[in-house]
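I have placed the structure first, in the form of structure tokens, so that the comments after it can refer back to it.
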Amino acid sequence: MIVRFIWMRYMRSATIWGLLFFSGLLVTTGFAGESDAEVLSKGTRSVGISGGIALGTTVWGGFLRHDAAMVNLHFGSVVSDLLMEDDFLRGRFALGADFSFSHHYKPKRAYLIDAASNVRYIFETSERWKPFVDAGIGIAITDIGRPNLGGKQQFSPQAGAGIHWFYRPDLAVTFQERYMHFSNGGLRSPNSGVNQFVTLIGLTRFY
């Protein structure tokens, strides 16, 4: 109850202001040290922020659809050289961490905080357009509760696809679609799960 009170009263406003501040920081710092050097080489790091909406579905379980507004922070690092150089699947692997903050507004108000690790494959298609696919798993804390979830701690397997559009060598607009599942792995009852299709758009800085 205390966590939910703090989230409802303070965190929504703080999240909005934080999103605006962090986006501005990404843009302004991106104007320093512009270079035509290859951006996505092994060792390149990235930090991004995005916002969007998560729409619930009961196709793969769950009694209720849960819709939410979401803010996501992503940190990543390219860990491979260019693979399959002469193939249309050429690209690089990256390891990442995502931190998501969700305010559920349907069917009832609730919060959800998720921390996940993931593996991402970024396709080297052109200088400006770089699609990617990723998959990972995390741990979430939420007060969604019954009838879908038992307990506050949940697991969160997830997968998705997206694209970076580089309007500067080190700064990209990032669009992604992601499927996220939340359940407790049968540790508590009920465990029908919460499933969501997530749409996010934001900025990513590479350095």
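Per numbering that gives the first Met the number 0, the sequence shown starts with residue 0, numbered consecutively.
We put the beta carbon where it would ideally sit given N, CA and C, even for glycine.
Check                                                                                            : Outcome
Nearest candidate by alpha-carbon position, reference Asn183, set Gly150, Gln195 and Thr203      : Gly150
Whole-angstrom distance between Asp85 and His102, CA atom to CA atom                             : 45 Å
The segment 86-100 touching the segment 54-64, judged by at least three CB pairs closer than 8 Å : no
For Arg44, the three-state DSSP class (helix, strand or coil)                                    : strand
Residue of Phe174, Arg89 and Thr56 minimising C-alpha distance to Phe122                         : Arg89
Nearest-angstrom Cα separation, counted from Ser40 out to Arg11                                  : Because the pLDDT of Arg11 is 48, which lies under 50, any placement of that residue in the model is unreliable, and the number read from its coordinates should be weighed accordingly. Going from the Cα of Arg11 to the Cα of Ser40 covers about 37 Å.
Run of the beta strand (DSSP E) containing Val118, from where it starts to where it stops        : Ala109 to Phe122
Check: Gln152 C-beta below 7 Å from any heavy atom of the ligand COA                             : Annotation note on the ligand COA: not contained in the displayed structure, which lists no ligands.
Three-state secondary structure (DSSP) of Phe87                                                  : coil
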